Amino acid sequence: MENKVAVVTGSARGIGKSIAEKLAKDGFRIVICDIMEDEVVKTAKEMEQFGTKTIGVKVDVTKIEDVEKLFEETVSTFGSVDVLVNNAGITRDTLLIRMKESDWDAVIAVNLKGTFNCTKAAAKYMMKQRSGKIVNISSVVGVMGNVGQANYSASKGGVISLTKSAAKELAARNITVNAVAPGYIETEMTKVLPDAAKESFLNLIPLKRPGQPEDVANVVSFLISPAADYVTGQVINIDGGMVM
Ligand SMILES: NC(=O)c1ccc[n+]([C@@H]2O[C@H](COP(=O)([O-])OP(=O)(O)OC[C@H]3O[C@@H](n4cnc5c(N)ncnc54)[C@H](O)[C@@H]3O)[C@@H](O)[C@H]2O)c1
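Here is the structure:
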């Protein structure tokens, strides 16, 4: 993977950071990008320990100007964009009847529109190169729905449909687009869940443990490797068997 370039959104912490670490170990040049400016700098610096070249870029994926600049900077620094992992995501959980318009809009803007913005901007370069691999981080909730997550589940279901449409449109240019649907993964995002919610997730998991960010990173690493050259438009659940 030497000289190949991977952009991972929302990679200052959590699952995104773990994916960036795994891809750095795989030999990719890494672009850390996130809305949290200080953490972007810190995480990009940490990547140096893996001996790969890394840049950190502050980006709000909801803003197309930010996203276009991100890929311009990526290509001017490293010469190409070979991999995009759309990982940036947020939650604003509450019951449907209490959900404010702003809760709905914020989650759709980051999780769904952000994925669209980055895919569109990266595809421009990948189409010229006639190669590329895109992996979108959806969620099992985008497949099965969840109480208190109407906005989040709609955004993640949308990401699955976007994945399939993009896979069909971009296949002719040798670009694969796949999604992963993690279940309950231990990160800052799930730390705030009430104990009862964590317990009820655990009861649904045949493997009887929460997932770790590395469980997601390993599958992403496979999907962008040559071993997955003939895989596109797929959704792989990473959930200890929660949904099957
Ligand atoms: N943790 C889980 O159980 C779980 C399960 C399924 C899916 N996911 C998905 O995995 C992804 C990563 O989640 P996580 O658990 O690591 O959460 P996290 O909150 O630790 O990380 C999300 C990252 O996205 C960044 N981000 C948020 N808004 C952004 C924006 N507008 N522009 C750029 N970056 C932005 C945040 O700053 C943060 O660094 C998300 O898409 C999430 O929906 C997580």
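The sequence shown maps to residues 839 to 1082 in the working numbering. A virtual CB, placed ideally from N, CA and C, is assigned to each residue, including glycine. It should be emphasised that the depicted structure is a prediction, and the values quoted were computed from it without experimental measurement.
If we require 3 or more residues per run, which beta strand (DSSP E) segments fall completely within the region 897-945?
Complete beta strand (DSSP E) runs here, min 3: 921-924.
Return the Cβ separation of A844 and D920 in integer angstroms, given the expectation that the two are a contact with Cβ distance under 8 Å.
As a working mapping, residue 844 is identified with position 6 in the sequence shown. As a working mapping, residue 920 is identified with position 82 in the sequence shown. Sure, about 7 Å apart at Cβ, within 8 Å.
Just to check my reading of the structure: T900 and V948 have Cβ atoms closer than 8 Å, yes? What is that Cβ distance to the nearest angstrom?
In the sequence shown, counting from the first residue as 1, residue 900 sits at position 62. In the sequence shown, counting from the first residue as 1, residue 948 sits at position 110. A Cβ-Cβ distance of about 6 Å is found for the pair T900 and V948, placing them in contact under the 8 Å criterion.
Mind checking whether F909 and R867 have CB atoms under 8 Å apart?
Residue numbering aside, residue 909 sits at position 71 when the sequence shown is read from its first letter. Residue numbering aside, residue 867 sits at position 29 when the sequence shown is read from its first letter. The answer is no: Cβ separation not under 8 Å.
Any non-hydrogen atom of ligand 1 closer than 7 Å to T1014 Cβ
The sequence position of residue 1014 within the sequence shown is 176, counting from 1. Incorrect: T1014 has no Cβ contact closer than 7 Å to ligand 1.
Residue closest to K938, alpha-carbon to alpha-carbon, out of K891, K842, Q987, S977
Position 100 of the sequence shown holds residue 938. Nearest C-alpha to K938: Q987.
On the DSSP bridge assignment, give the partners of C871 in chain order.
As a working note, residue 871 is residue 33 in the sequence shown. DSSP lists T847, V895 as the beta-bridge partner residues of C871.
Cβ of Y1022 within 7 Å of any heavy atom in ligand 1?
Within the sequence shown, residue 1022 is the residue found at index 184, counting from 1. Yes, Cβ of Y1022 sits closer than 7 Å to a heavy atom of ligand 1.
Among V913, L861, K896, which residue has its Cα nearest to the Cα of G889?
Start at 1 with the first residue of the sequence shown, and residue 889 comes out as number 51. Closest by alpha carbon: L861.
Cβ neighbours of A1004 in the same chain (closer than 6 Å, five flanking residues each side left out)
Taking the sequence shown and counting its residues from 1, one reaches residue 1004 at position 166. Hits under 6 Å: T957, V1015.
Near I1043, what residues of its chain come up, given a Cβ to Cβ distance below 6 Å and the 5 sequence neighbours on each side ignored?
In the sequence shown, the residue the question calls residue 1043 occupies position 205. The beta carbon of I1043 is closer than 6 Å to those of G1078, M1080 in its chain, skipping five residues each way along the sequence.
Spell out a yes or no on whether the region 1049-1061 and the region 1022-1034 are touching, meaning 3 or more CB-CB pairs, one atom from each, closer than 8 Å.
Enough Cβ pairs lie closer than 8 Å, so yes.
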